[in-house]
Amino acid sequence: MKKSEVLKSLRETGLVPVLRAESVEKALALAEAIAAGGVNVLEVTMTVPGAIQVMRKLAEQRPDILVGAGTVLDAETARMCILEGAQFVVSPALNLQTIEMCHRYSIAVLPGALTPTEVVTAWQAGADVVKIFPASALGGAKYLTALKGPLPHIDLIPTGGVSLATAADFLAAGAFALGVGSDLVDTKAMAAGKPEVVTESARKYLAIVKEHRAARKA
Numbered sequence: 019m020k021k022s023e024v025l026k027s028l029r030e031t032g033l034v035p036v037l038r039a040e041s042v043e044k045a046l047a048l049a050e051a052i053a054a055g056g057v058n059v060l061e062v063t064m065t066v067p068g069a070i071q072v073m074r075k076l077a078e079q080r081p082d083i084l085v086g087a088g089t090v091l092d093a094e095t096a097r098m099c100i101l102e103g104a105q106f107v108v109s110p111a112l113n114l115q116t117i118e119m120c121h122r123y124s125i126a127v128l129p130g131a132l133t134p135t136e137v138v139t140a141w142q143a144g145a146d147v148v149k150i151f152p153a154s155a156l157g158g159a160k161y162l163t164a165l166k167g168p169l170p171h172i173d174l175i176p177t178g179g180v181s182l183a184t185a186a187d188f189l190a191a192g193a194f195a196l197g198v199g200s201d202l203v204d205t206k207a208m209a210a211g212k213p214e215v216v217t218e219s220a221r222k223y224l225a226i227v228k229e230h231r232a233a234r235k236a
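Counting from 1 along the sequence shown, just add 18 to a position and that's the residue number in our numbering.
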């Protein structure tokens with residue numbers, strides 16, 4: 019998939035579930051539960067034991083899921099993930115070499131930033147979308163609104179503090195998409211043998227995105 023198509027898919031879905039799990043098997047089970055709810059985008063973090071294996075298996079077995087690599091801290095890790103099938107790369111921080119590596123492979127890159135200076139630096143370095151993390155630390159949706167005021171041309175994806183209760187506010191603030199962690203990627207529900215809880219959460223998030231877009235068109 020071309021980078022432009024990847025970015026279009028990210029925007030259309032409006033969600034990037036941040037997958038964290040204790041094993042390859044648990045990560046794959048979470049991916050299936052999320053996909054069952056209609057979300058076809060997934061960020062596999064490098065904090066998952068065997069994260070590369072998870073990405074490889076998803077790329078092979080679930081080509082319908084847009085798989086990205088998360089918590090990528092350096093260029094070599096980015097390259098490794100890309101070679102194993104990652105179609106976008108996300109980081110909690112700004113690493114210019116990682117952006118360069120993703121450009122080399124024409125892969126969408128979403129580096130992390132928090133302050134206006136970091137956001138602009140990331141954008142000038144070639145970020146496709148800038149991840150605002152942790153979004154909750156500086157006021158959540160209100161902070162995103164403040165950033166978008168002088169920086170309307172930079173696509174931002176808030177992560178940290180996004181929940182079913184705050185999702186609509188972040189979208190109204192101008193989020194490109196929502197980075198969603200434990201509120202959707204519920205490892206406790208999975209451990210209790212209730213993947214349907216995760217699936218239903220995925221459906222609820224998609225409904226919020228759909229409702230927001232419908233309201234904008236009205």
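The beta-carbon is built from N, C-alpha and C at its ideal position, and this holds for glycine as well.
Q | Those residues which DSSP pairs with E61 across a bridge | A | V36, G86
(Q) Considering only their Cβ atoms, is the gap separating V180 from D204 smaller than 8 Å? (A) no
Q: Could you spell out where the alpha helix (DSSP H) holding V42 opens and where it closes?
A: 42 to 54
Q | Buried versus exposed call for E61 [16 or more other C-beta atoms within 10 Å across all chains shown] | A | buried
Q. Closest to Y123 by CA distance: which of L101, R74, P67 is it?
A. Comparing alpha carbon positions, the residue from L101, R74, P67 closest to Y123 is L101.
Q: From the DSSP output, read off the bridge partner residues of T177.
A: DSSP, once it has assigned bridges, lists G197 as partnering T177.
**Q.** Whole-number beta carbon distance between T89 and T63, since they are thought to touch under 8 Å
**A.** The Cβ separation is near 4 Å, so the contact holds.
Q.
What does the Cβ neighbour count give for G167, buried or exposed, with the cut at 16 atoms within 10 Å?
A. Exposed is the call here.
Q. Can you tell which of W141, G144, P176 has the C-alpha that lies nearest to the C-alpha of I150?
A. The shortest C-alpha separation from I150 is found at P176.
Q: Note the first and the last residue of the continuous alpha helix (DSSP H) segment covering A225.
A: A225 -> alpha helix (DSSP H) spans 213 to 235.
**Q.** Supposed close pair Q105, G86 - CB separation, criterion 8 Å
**A.** 6 Å
Q. Can you name the start and end residues of the beta strand (DSSP E) that I150 belongs to?
A. 148 to 150
Q) When DSSP labels each residue in this structure, what does A190 get in the three-state scheme? A) helix
Q. Using DSSP with H/G/I as helix, E/B as strand and the rest coil, what is V66?
A. coil
Q | Top-ranked residue by Cα proximity to G178, from G197, E136, A190 | A | G197
Q.
Let me confirm a value: P81 is counted as buried when at least 16 other C-beta atoms fall within 10 Å, else exposed. Which label applies?
A. exposed
Q: Could you give the DSSP three-state label for L162: helix, strand or coil?
A: helix
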